[in-house]
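Note that this note's numbering gives residue 199 to position 165 of the sequence shown, counting from 1, and the numbers run on in steps of one. Note that CB positions come from ideal geometry on N, CA and C, so glycine has one too. Read the structure below first, then the notes.
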Amino acid sequence: PSTLVGLGIVSSSQGIKDFRADVYAHSFTGFHTNADDFLQYTPTLLNIGLSVANPNPQTRNAKIGRFVIGTITYAVITQGLKRTLDLNRPNGAEHSFPSGHSATAFFGAHMLAKECGAEKPWIVYAGYGLATTTGMLRMANNQHWLSDVLVGAGIGISAAELSYYLYPKLADTWNKKHAFQVNPIIGNQFYALQMNISLN
């Protein structure tokens with residue numbers, strides 16, 4: 035993550051932005067696709083599909099807990115930076131930095147790698163490949179600079195790592211005070227959770 039964020043900061047120079055704008059003008063003018071709006075969720079959907087195919091009730095709440103912690107983390111960071119820095123996109127629109135699509139995609143890819151990589155190494159390549167494609171399409175659609183995508187990817191991976199670090203600590207504290215059940219709800223372009231909480 036630190037390497038991606040560092041490269042993102044370096045690539046935010048005006049010279050690299052001008053080079054990217056020149057490449058877009060010569061090769062991608064008029065290009066448009068909505069595929070990136072869907073691809074950003076595919077690593078997470080792959081993870082859900084594998085969990086459904088091989089259910090393990092003992093790890094279900096842990097997976098959901100890590101997902102919730104990580105999602106909140108990257109969403110708060112990316113949206114906070116977007117509103118605070120308020121940098122313009124290549125197409126002139128607001129809130130360019132960092133790329134939320136890239137953060138979502140790389141968070142899902144890294145969670146997929148952490149949970150399935152040891153048993154299914156091929157899934158790691160698929161997840162990161164889909165995430166990388168998402169970032170490239172954001173640039174091809176003239177929605178983001180390279181720096182936006184790289185920093186977004188770093189934030190997504192960092193959020194996944196942080197969720198693995200924080201979940202055991204938070205779960206121990208929570209379980210001492212509460213009993214709860216969590217059910218995921220997956221929509222076309224959103225995630226939601228249904229929670230039942232019993233207080234002691």
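Backbone secondary structure at residue i - three-state DSSP
{"i": "Arg94", "result": "helix"}
{"i": "Gly142", "result": "helix"}
{"i": "His129", "result": "coil"}
{"i": "Pro124", "result": "coil"}
{"i": "Gln177", "result": "coil"}
{"i": "Gly64", "result": "coil"}
{"i": "Glu153", "result": "coil"}
Residue environment, residue i, which counts as buried when at least 16 other CB atoms sit within 10 Å
{"i": "Tyr162", "result": "buried"}
{"i": "Ser130", "result": "buried"}
{"i": "Ile157", "result": "buried"}
{"i": "Ile43", "result": "exposed"}
{"i": "Tyr159", "result": "exposed"}
{"i": "Gly126", "result": "exposed"}
{"i": "Pro202", "result": "exposed"}
{"i": "Asn88", "result": "exposed"}
{"i": "Val183", "result": "buried"}
{"i": "Ser45", "result": "buried"}
{"i": "Pro155", "result": "exposed"}
{"i": "Val110", "result": "exposed"}
First through last residue of the alpha helix (DSSP H) which encompasses residue i
{"i": "Ser36", "result": "Ser36 to Val44"}
{"i": "Thr78", "result": "Thr76 to Ala87"}
{"i": "Phe53", "result": "Gln48 to Ser61"}
{"i": "Ala69", "result": "Ala69 to Leu73"}
Spatial distance of residue i from residue j (CA atoms)
{"i": "Ile50", "j": "Lys148", "result": "33 Å"}
{"i": "Leu180", "j": "Pro35", "result": "15 Å"}
{"i": "Thr118", "j": "Thr105", "result": "20 Å"}
{"i": "Ile98", "j": "Asp56", "result": "43 Å"}
{"i": "Leu146", "j": "Tyr198", "result": "12 Å"}
{"i": "Gly151", "j": "Leu164", "result": "15 Å"}
{"i": "Gln113", "j": "Asn122", "result": "14 Å"}
{"i": "Tyr108", "j": "Arg100", "result": "12 Å"}
{"i": "Tyr75", "j": "Ala194", "result": "15 Å"}
{"i": "Tyr58", "j": "Asp206", "result": "50 Å"}
{"i": "Asp71", "j": "Gly169", "result": "11 Å"}
{"i": "Leu79", "j": "Val86", "result": "10 Å"}
{"i": "Leu84", "j": "Ala96", "result": "15 Å"}
{"i": "His144", "j": "Asp52", "result": "31 Å"}
Pairs of beta-carbons, one from the stretch 132–140 and one from the stretch 183–202, closer than 8 Å: are there three or more? Below 8 Å, enough C-beta pairs join the stretch 132–140 and the stretch 183–202 to call them touching: three or more.
Below 8 Å, can you find three or more Cβ-Cβ pairs linking the stretch 58–75 to the stretch 169–179? Under the three-pair Cβ rule at 8 Å, the stretch 58–75 counts as touching the stretch 169–179.
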